[in-house]
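*Asks:* Numbering (the working numbering), first residue to last: 2 to 264.
C-beta: ideal position from N, C-alpha, C; glycine also.
For reference, the structure I am asking about is given below.
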Amino acid sequence: MHESDHKDRLRHESWRVFRIMSEFVEAFDTLARIGPAVSVFGSARTLPADPYYQAAVRCGALLTARGFAVITGGGPGIMEAANKGAVEAQGMSVGLNIALPMEQRPNPYQNVELDFRYFFIRKVMFVKYARGFVIFPGGFGTMDEFFESLTLIQTLKIVPFPVVLIGREFWSGLLDWMRQTLDSRYHTISPQDMDLFHLTDEVEEAVDIVHETYLGRRTVGEWLPRFRGDAETEGGEGTRRGIMPRRGGTLREDFGGSDEPAI
2 MHESDHKDRL RHESWRVFRI MSEFVEAFDT LARIGPAVSV FGSARTLPAD
52 PYYQAAVRCG ALLTARGFAV ITGGGPGIME AANKGAVEAQ GMSVGLNIAL
102 PMEQRPNPYQ NVELDFRYFF IRKVMFVKYA RGFVIFPGGF GTMDEFFESL
152 TLIQTLKIVP FPVVLIGREF WSGLLDWMRQ TLDSRYHTIS PQDMDLFHLT
202 DEVEEAVDIV HETYLGRRTV GEWLPRFRGD AETEGGEGTR RGIMPRRGGT
252 LREDFGGSDE PAI
């Protein structure tokens with residue numbers, strides 16, 4: 002690419018913000034109407050005969066029965082299964098679709114469907130309207146959502162909500178590495194950070210955890226200050242304003258108040 006072509010391309014980059022804004026506006030306007038929701042993640046490659054697919058169908062149905070909308074990435078595999086469970090239970094089934102070179106095709110079990118060009122906008126929507134994450138076995142994208150949720154909770158950028166991993170056999174090796182390497186050996190996380198999520202084999206338990214936290218019967222991260230307003234920096238890095246001590250409010254109250262999370 003010639004230098005002049007490169008400069009011309011950079012001059013036009015600023016106009017991209019309008020496409021970005023339009024995606025945000027459409028998604029905000031649509032998802033603000035769905036009510037309390039839970040985002041379900043997992044591999045796009047999981048086939049209908051797989052036990053995890055069948056478990057995700059049950060998960061979608063159970064979340065619907067508890068009054069939650071079900072949000073997925075809108076593709077095949079686990080995403081399709083959770084949407085299918087929600088639709089079959091006559092619930093709100095949301096798909097946040099994105100065009101990818103492989104794997105992603107919209108599944109037919111969506112009654113609210115959004116299409117994204119940008120990954121980062123799509124990721125905001127998974128978090129902003131969720132009251133919890135249920136995460137099935139998956140690949141890089143699933144891991145990305147898992148670790149981003151922990152980061153946002155740990156840094157108080159969102160109201161702490163339950164993150165539940167499904168599948169002890171799949172997740173145990175990763176969690177052992179986190180304890181032994183990140184915590185015990187290198188001290189790059191704190192021991193209590195491992196309490197920011199749950200691990201189970203049972204979707205019924207996962208749904209119970211999400212629902213009980215939403216109702217205020219459980220809490221996430223007892224040692225974390227209760228979220229109140231955006232965590233702003235003041236002076237040096239790590240000095241934050243807008244964080245108040247935990248006062249024991251329910252997740253429903255935290256999300257329903259006037260103090261909006263940073264996402």
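Taking the straight line between their C-alpha atoms, what separation do you get for L48 and F137?
*Replies:* Each residue's Cα considered, the two are about 13 Å apart.
*Asks:* By the three-class DSSP mapping on this structure, what secondary structure does H212 have?
*Replies:* It is helical.
*Asks:* Give me the residue from V18, W16, F29, A66 with the minimum Cα distance to V211.
*Replies:* Ranking V18, W16, F29, A66 by Cα distance to V211 puts A66 first.
*Asks:* Could you check which residue in Y130, P161, I79 has the C-alpha nearest to that of R106?
*Replies:* When only C-alpha atoms are compared, the closest one is I79.
*Asks:* With DSSP as the reference, label F198 as helix, strand or coil.
*Replies:* It is coil, neither helix nor strand.
*Asks:* So, at 6 Å on beta carbons, what are the nonlocal neighbours of V113 in its own chain, with the 5 sequence-adjacent residues on each side left out?
*Replies:* Same-chain partners within the cutoff: V95.
*Asks:* Using the rule of at least 16 other Cβ atoms within 10 Å of the residue's Cβ for burial, across every protein chain shown, is I72 buried or exposed?
*Replies:* Buried.
*Asks:* Please say whether V39 and V135 have beta carbons closer to each other than 8 Å?
*Replies:* Yes, these two residues count as a Cβ contact at 8 Å.
*Asks:* For the candidate residues G74, V41, A45, R118, whose alpha-carbon lies nearest to that of L63?
*Replies:* Minimum Cα distance to L63 is reached at V41.
*Asks:* Assuming D194 and Q155 are in contact, meaning their beta carbons sit under 8 Å apart, how far apart are those beta carbons, in whole angstroms?
*Replies:* 6 Å between Cβ atoms; contact.
*Asks:* Only counting the same chain, and skipping five residues up and downstream in sequence, which positions put a Cβ closer than 6 Å to that of N280?
*Replies:* Nothing in the structure corresponds to residue 280, since the chain is present only between 2 and 264.
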